[in-house]
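Each number in the working numbering comes from the position in the sequence shown (counting from 1) with 16 added on.
Reviewing the structure listed below.
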Amino acid sequence: MVMKPSTIASLPLKNNKIPMKPSTIASLPLKNNKIPMKNKSNILFEPALVNTALRQSFIKLDPRLMIRNPVMFTVEIGTFVMLCVTIYSISNSSQGSFGYNFVVFIVLLLTVLFANFAEAIAEARGKAQADSLRKTREETPAKVVLSDGTIEIRSSNQLKKGDVFFCETGDTIPTDGEIISGIATIDESAITGESAPVIRESGGDKSSVTGGTKVLSDHIKVQVSTAPGESFLDKMIALVEGASRQKTPNEIALTILLAGFTLVFIIVCITLKPFADYSNTPITIASFIALFVCLIPTTIGGLLSAIGIAGMDRALRANVITKSGKAVETAGDIDVLLLDKTGTITIGNRKATHFYPTAGIIIKRFTDACVLSSLADETPEGKSIIELAAAQDAKLISTAPEGSKFIKFTAETRSSGLDTQDGRRIRKGAFDSIRNIVLAAGNPFPMDIEEQVKRIASNGGTPLVVSENEQALGVIELQDIIKPGISERFERLRKMGVKTVMVTGDNPLTAKFIAQKAGVDDFIAEAKPEDKMNYIKEEQALGKLVAMMGDGTNDAPALAQADVGVAMNSGTQAAKEAGNMVDLDNDPTKLIEIVEIGKQLLITRGTLTTFSIANDVAKYFAIVPALFIVSIPALRSLNIMNLHSPETAILSAVIFNAIVIPLLIPVALRGVSYKPIGASALLRRNLLIYGIGGVIAPFIGIKLIDMVISLMA
């Protein structure tokens, strides 16, 4: 189907961005300095997810899957042995009664199933997120713009990289791309959950659009940036629902440690056999297996995978897609955090607030030069200069003279402008850049401009100097507004031991003013792309882990170099490919939340490991005396819980060992609450709560279970 669009002729659009004053932004009902998002389900055990997880718990009994977890694999072997013993005890009671062996078998089976369920419920929550994302990937018609300007309707899965499509009000964007013409309000709630629409426009770092989002107003032309099946949404779904998950380095190290513990206790249990024979103590196979299962760290062994998966899931629920669990884990160990000033520490974009012509230059001439130098400037700052000039002069120049050559801004020149056919060379840029141009031409640089630049910078503003034919005309003042509450968030990071570094293209005076007001620890002024890279390398050479967030193509090298690189979803494809995380909310302060999620993951793993090892202590006092109390009466003094009998003691220990896993699943999924306190204080808290608590809880639990069993016997 081919048709002529009536709207194509009107492109490119004028600047019809929705204006928002700083006071308007500040009055929004923010939570953690963010626009409130749609409610997300925080229910841990939704019925549909539980049903799926229960089925997966049995599927995961496959030894080929279980062997990935050495601790629970040995428990499964013990369960299989107990099944054989139970069947054998039907006709022969030499290894204990059928009922006793059957109960031990069932409890061990439940222990394995509970561990599988913990992992399965964590995976199911992630896959549920993938299902919601998949709904946005439904086949969507695309209005492809052909070379002759006509539009052809194609299916979204027929789009190829480089194709150009057209979207207008009400259209769903068929696939990922870069806006090449126009501006539009986009509803990204299908992906981000964010109810507030966002502005996307051609030029700059806010030109990227994602398939599945919807155009609410105006119209845009978009060039496809990905091949079929390789869109960002496709990659997100693959990452979220991937059947295999790579373990993180710390998780691998802990798995090896737990496997070592298991091997040690295998040797311990084997050596008990000759000791039992020597003391004429008959020990059944069930007793040996129960002792072994209770000695090894089954609690953390059963929850380890769930903790790692849940960490990635918490990041996803914070609207952050992680390319690996390692990225989340590394975020918890971050030492240095690089943050862009604009949009992170300050609200929105800088706005032009005043024009200051130098002595002898009339305001009309200076304003015209400011406008001409900004006509090709696609940045919000450049557009705000034109808006300010229009408000002051109704007869403003709106188009460049015919034959003019626009000079684009570059990180090297740090200036932009245009050259006209009649010989006018107008430049707008950083103070030192324009001053160098003026002085290199042999012209004097006005002292009043230097003083005005210092005044603006000392007040936290950004000065832009304008020149014509290598003569300085005056200064434009741009102002930033620091986000409310941002200094408190930096203080939280400081308590975590994280150094914050503000990256800005501003001059050192302005950068220092804003850094002090915001409460960051350091700043990089007049930053070029290579400055970010060099700073990251310097910190890494000192053995530190560095995180940064970026959205532009020029951020890609630094994002790739950083240990944790977070790209914004609205950013360029190069930035998203370079980072190991993508923030769907496009919230530059999300890095702070990511660090907290990473620290919570590490703390959760550490605290549950502490609890698991600590709660084994009580089991020793339950099972060891029960095994030898008949032949060695002196061991009665170790029976401090005064358990009813050897049989009830063993059953109580293995039952407690089993039920503690599901009781801790909510902790593994939600994570241990994190507070920004020092490492020593954190260690004391964990030892006090999870260390001592891990010792006391089994004494109480095993005793209560023993009392119930003895009453039922």
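Each residue gets a CB set at the ideal place from its N, CA and C atoms; glycine is no exception.
Report task. Output the boundary residues of the alpha helix (DSSP H) element that contains F96. Result -> P86 to Y104
Report task. Using beta-carbon positions only, say whether G348 and K615 come within less than 8 Å of one another. Result -> yes
Query raised in the report: When the Cα of I502 is compared with those of I492, D603 and V670, which residue comes out closest?
Result: D603
**Report entry** Beta-carbon spacing of V514, L354 below 8 Å
**Finding:** no
Query raised in the report: Helix, strand or coil: how does DSSP classify K732 here?
Result: No answer is possible for residue 732: the residues shown for the chain start at 17 and end at 729.
Query raised in the report: To which residues of the same chain is G419 closer than 6 Å at the C-beta, ignoring the five residues directly before and after it?
Result: Q437
Query raised in the report: Rounded to a whole number of angstroms, what is the C-alpha to C-alpha distance between P125 and E92?
Result: Per the sequence presented here, residue 125 reads as Leu, with Pro not at that position. So the alpha carbons of these two residues sit roughly 7 Å apart.
Report task. Quick one: using the 10 Å Cβ neighbour count with 16 as the cut-off for buried, is A136 buried or exposed? Result -> buried
Query raised in the report: In chain order, which alpha helix (DSSP H) runs of at least 4 residues are fully inside the stretch 529–589?
Result: 545–557 and 572–577
Report task. Verify whether the separation of the beta carbon atoms of F529 and S474 is less than 8 Å. Result -> In contact: F529 and S474 (Cβ atoms closer than 8 Å).
Query raised in the report: Hey, out of I639, R505, P190 and L607, whose CA is closest to N655's CA?
Result: I639
Query raised in the report: For the stretch 384–400 against the stretch 364–376, are there 3 or more C-beta pairs whose distance is under 8 Å?
Result: yes
**Report entry** Per DSSP, cross-strand counterpart(s) of S197
**Finding:** K237
Query raised in the report: Given a threshold of 16 other Cβ atoms within 10 Å of its Cβ, counted over all protein chains shown, does L558 qualify as buried or as exposed?
Result: exposed
Query - Reference T300; option with closest CA among T314, A446 and F114 - result: F114
Query raised in the report: F371 lies in the beta strand (DSSP E); which residues open and close that run?
Result: K367 to P373
Query raised in the report: Can you tell me the Cα-Cα spacing of N702 and A713, whole angstroms?
Result: 15 Å
Query raised in the report: How many Å lie between A590 and G165 at the Cα?
Result: 29 Å
**Report entry** DSSP state of E217 mapped onto helix, strand, coil
**Finding:** strand
**Report entry** Sequence-distant residues of the same chain with beta carbon closer than 7 Å to T569, five excluded per side
**Finding:** T588, A590 and A591
Requested in this report: Please report the residue range of the beta strand (DSSP E) in which E484 lies.
Outcome: T478 to E484
Query raised in the report: Among P290, E194, P649 and A140, which one has its Cα closest to the Cα of N585?
Result: E194
Query raised in the report: If you drop the 5 nearest sequence neighbours on each side, which residues of the same chain put their C-beta closer than 6 Å to that of K8?
Result: No answer is possible for residue 8: it lies beyond the span of the chain, which begins at 17 and ends at 729.
Query raised in the report: In angstroms, rounded to a whole number, what distance separates the CA positions of I83 and K76?
Result: 10 Å
Requested in this report: Output the boundary residues of the beta strand (DSSP E) element that contains R170.
Outcome: I167 to S171
Query raised in the report: What separation, rounded to the nearest whole angstrom, lies between the Cα atoms of D351 and K511?
Result: About 12 Å.
Requested in this report: Please confirm if the stretch 88–103 is in contact with the stretch 299–318, defined as three or more CB-CB distances below 8 Å between the two stretches.
Outcome: With a cut-off of 8 Å, the stretch 299–318 and the stretch 88–103 count as touching, because enough Cβ pairs lie within range.
Report task. Give every residue of the same chain whose Cβ lies closer than 7 Å to the Cβ of A69, excluding the five residues on either side of it in the sequence, and list them in chain order. Result -> F133, A136, I137 and A140
Requested in this report: Counting only the same chain and skipping the five closest in sequence on each side, list residues whose C-beta sits under 7 Å from that of I718.
Outcome: Contacts found: A634, A638, M657, S668, A669 and F672.
Report task. If I'm right that R508 touches T605 with Cβ under 8 Å, what's the distance once you round it to whole angstroms? Result -> No, R508 and T605 are not in contact; Cβ-Cβ is about 11 Å, not under 8 Å.
Query raised in the report: From which residue to which residue does the beta strand (DSSP E) around G490 run?
Result: Q487 to Q495 is the extent of the beta strand (DSSP E) around G490.
Report task. Identify every residue that forms a DSSP beta bridge with I423. Result -> G433
Query raised in the report: Measuring CB to CB, does G445 end up less than 8 Å from V481?
Result: yes
Report task. On a CA-only basis, which of P479, D522, E555 and A275 is nearest A541? Give me that one, please. Result -> Comparing Cα-Cα distances from A541 to each of P479, D522, E555 and A275, the minimum goes to D522.
Query raised in the report: Per DSSP, what kind of secondary structure is R440 in: helix, strand or coil?
Result: coil
Query raised in the report: So, helix, strand or coil for V180, using DSSP?
Result: Three-state DSSP puts V180 in a strand.
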